[in-house]
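Residue numbers (the numbering used here): 54 to 150.
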Amino acid sequence: EIHKGFFRSDRGNGYLFGEDVVDRFLKENKLSRIVRSHQLCKEGYQETFGGKVLTVWSAPNYCYRMENKASVLIIDESCKYKFSTFEASKENLNKAS
């Protein structure tokens, strides 16, 4: 399902935005990409809207129970990027018990 503009999240606790909002923001601010964090991503990162929005999550096994990976975003001098992912250390895997 493709959304346009701003719309309420399924959980009802905030708003989400469509690619049209991203395109307008990038154009008005003369940017090519938005990099953000603080949204859980099971694989440690997420690329949306063809790489125009990158989400970095740096807390592996969040709250000692989410079993998610984490990542670091590496950007070189020509603005090419890649994610380096990692998992929680063994001593932090079962702390929630």
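Every residue gets a Cβ at the ideal spot worked out from N, C-alpha and C, and that includes glycine.
>> In whole angstroms, give me the CA-to-CA distance for I127 and V109.
In response: 11 angstroms
> Does the separation of the CB atoms of V106 and I87 fall below 8 angstroms?
Replying inline: yes
> Could you give the distance in angstroms between the alpha-carbon of L79 and the alpha-carbon of K95?
Replying inline: 26 angstroms
> Alpha carbon to alpha carbon, how far is F102 from S62?
Replying inline: 17 angstroms
> Straight-line CA distance for D76 to K135?
Replying inline: 22 angstroms
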